[in-house]
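If you read the sequence shown in our numbering, its first letter stands for residue 105, the second for the next number, and so on. We put the CB at the ideal spot given by N, CA and C, even for glycine. All figures in this text were calculated on a predicted structure; none of them were measured in a lab.
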Amino acid sequence: MLENLKSSLSHYRAQRIMKRSALRDILTDIPPGLFLYWQQTAQQEFPGIPQDAVFFASAAEGLCMFFECVRRSDYPCALPSKAADSVWHAWLRYSSISLEQFCDKHYERQIPHLSASEMSADLELALAATLIQARRFERQCETDPTLPALFTLDKRLRMPEGYAYHISADKPGYRAMNRDGQAYGASYYPELLQAYGMLTAGMISTTMYENYKRREAERQQSSYIDAGSSGSYASDSGSSSGDCSDGGNSSAGSSCGSSCGSSCGGGGGD
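The structure is reproduced here in structure tokens:
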């Protein structure tokens, strides 16, 4: 009886995640049988992965968010979440045809699944493309010292051997996660996830970068004034500050914090 109650509560919470999501209209089109199939098979490929409805709903939302990033981006994109990837893998096995139809309907294209070794683009560049589009979707500046939900998904869900992304001193980075879903070891800070790296790669404009430097200087000045501040900024997420206008211009899996991605870019973004 207790297990049935836990299952009922899990399904109720999963439904709330779906209903409150900005992608709820898309999430309702996920095949009803996919959850049960994922629940029965995901452990074979991702040992120790939780099997409850809440985990699945959150991971499925992350996958759809990634697909949205691919749709908007002019660059190849890389997926920063193994939790979301577990749903992608299960869906490919469950019914690749239904996945193709889903992508055609909601993203106006098919989105090929590629392993890190199959990606023709630089993985750091592909991760940066995903970060930019995910920030835009959440109405953040492209260079905000925050992380969108897609990048914090594995850490929030305690995904075994996932990627624990974080922000330290305005720099996005990640740590590996063990089989218990805990971050460990050194942090890695891919150059192209930083504002200057995005600028040199041509992914953001000079105006965007100058606005970032101005906001960074303002935050540093504020930290000096605040006697209780340590003078550094470290968090997974937060609110953006300042004007992010362009002024009218628009160690698991991989050392880059991604195991899979898609080479399907184009669409122009916001």
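TODO: Note down, in chain order, each residue of its chain lying with its Cβ closer than 8 Å to the Cβ of Leu261, except the 5 sequence neighbours on either side.
DONE: Here residue 261 refers to the residue found at position 157 of the sequence shown. Closer than 8 Å at Cβ, skipping near neighbours: Pro154, Phe159, Ser162, Ala163, Ala187, Gly285.
- [ ] For Ile201, count neighbouring C-beta atoms within 10 Å of its own C-beta (all shown protein chains included) and say buried if the count is 16 or more, exposed if not.
- [x] Within the sequence shown, residue 201 is the residue found at index 97, counting from 1. Flag for Ile201 reads exposed.
TODO: Check the C-beta distance from Cys168 over to Leu131 and give it rounded, since I have them as a contact under 8 Å.
DONE: Position 64 of the sequence shown, counting from 1, holds the residue named residue 168. Position 27 of the sequence shown, counting from 1, holds the residue named residue 131. About 6 Å; that satisfies the 8 Å criterion.
Task: Residues bridged to Gly277 (per DSSP) - done: Position 173 of the sequence shown holds residue 277. His270.
Open item on the list: Tell me the residue span of the beta strand (DSSP E) that contains Ser291.
Closed with: If you number the sequence shown from 1, residue 291 lands on position 187. Looking at the DSSP string, the run of the beta strand (DSSP E) that includes Ser291 is 287-292.
- [ ] Would you kindly report the start and end of the unbroken alpha helix (DSSP H) that includes Ala164?
- [x] As a working note, residue 164 is residue 60 in the sequence shown. Segment 157-176, the alpha helix (DSSP H) holding Ala164.
- [ ] Taking only the alpha-carbon atoms, compute the straight-line gap between Arg197 and Arg279 and give it to the nearest angstrom.
- [x] In the sequence shown, the residue the question calls residue 197 occupies position 93. In the sequence shown, the residue the question calls residue 279 occupies position 175. Whole-angstrom Cα-Cα distance: 29 Å.
Task: N- and C-terminal bounds of the beta strand (DSSP E) containing Ala182 - done: For the purposes of this step, residue 182 is taken as the residue at position 78 of the sequence shown. 181-183 is the span of the beta strand (DSSP E), which, as asked, contains Ala182.
Task: Cα-Cα separation between Phe206 and Arg120, rounded to whole angstroms - done: Against the sequence shown, residue 206 aligns to sequence position 102. Against the sequence shown, residue 120 aligns to sequence position 16. Taking the straight line joining both Cα atoms gives about 22 Å.
TODO: Tell me whether Thr250 is buried or exposed, calling it buried when 16 or more other Cβ atoms sit within 10 Å of its Cβ.
DONE: Reading the sequence shown from its first residue, position 146 is the one you call residue 250. Per the 10 Å Cβ criterion, buried.
TODO: Evaluate Arg124 with the Cβ neighbour count: other Cβ atoms within 10 Å of its Cβ, from every protein chain shown; 16 or more gives buried, anything less gives exposed.
DONE: Position 20 of the sequence shown, counted from the first residue, corresponds to residue 124. With fewer than 16 Cβ atoms within 10 Å of its Cβ, Arg124 is classed as exposed.
TODO: Identify whether Leu218 lies in helix, strand or coil by the three-state DSSP scheme.
DONE: Along the sequence shown, read from residue 1 onward, the residue named residue 218 stands at position 114. Leu218 falls in the strand class under three-state DSSP.
- [ ] Please classify Thr256: is it buried, with 16 or more other beta-carbons within 10 angstroms of its beta-carbon, or exposed?
- [x] Looking up residue 256 in the sequence shown gives position 152. It counts as buried.
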